[in-house]
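Numbering (the working numbering), first residue to last: 48 to 184.
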């Protein structure tokens, strides 16, 4: 039986959605909506809103709203970029780092719960396959 790329992509998206849905309560307890979490989790690697929008495939206007919310919640602060005084860098606060880490731990626990259904050999193979798919062509 042949499985095409669209079927695999759909299964992967469903898995991600199921894991995120299972963690919605924990995110809410941290004061985070799902997309706010993604922005918070990306802010350290991509400290400018436009970079976050590109990395997460979100509209810039949406990222602006999420950043404002995260600033209001005390999870992120804006700092003037010393290299370009016209730009603001996003910096996680201690509270933002703690919330991000707790949210990531909840996601990892839920994902691990699902991975427990898979043999260690298949996990290693999945890891190898994903690494191969992410490597440059």
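Note that beta-carbon positions come from the ideal geometry of N, C-alpha and C, so glycine has one too.
When DSSP states are grouped into helix, strand and coil, residue 169 belongs to the helix group.
The DSSP-derived three-state label of residue 91 is coil. In this structure, the CA atom of residue 74 is about 33 Å from the CA atom of residue 133. Contact fails between the segment 50-69 and the segment 93-100, because fewer than three Cβ pairs, one in each stretch, are under 8 Å apart. Taking a contact to require three or more Cβ pairs closer than 8 Å, the segment 141-148 and the segment 121-132 qualify as touching. Membership of residue 124 in the beta strand (DSSP E) is indicated by the continuous run 123-128. Within its own chain, the residues whose Cβ lies closer than 8 Å to the Cβ of residue 158, once the five positions on either side in sequence are excluded, are 66, listed in chain order. Contact check for residue 154 and residue 91: beta-carbon distance about 16 Å, past the 8 Å limit, so the pair fails to qualify.
Nearest C-alpha to residue 86 among 164, 72, 108: 108.
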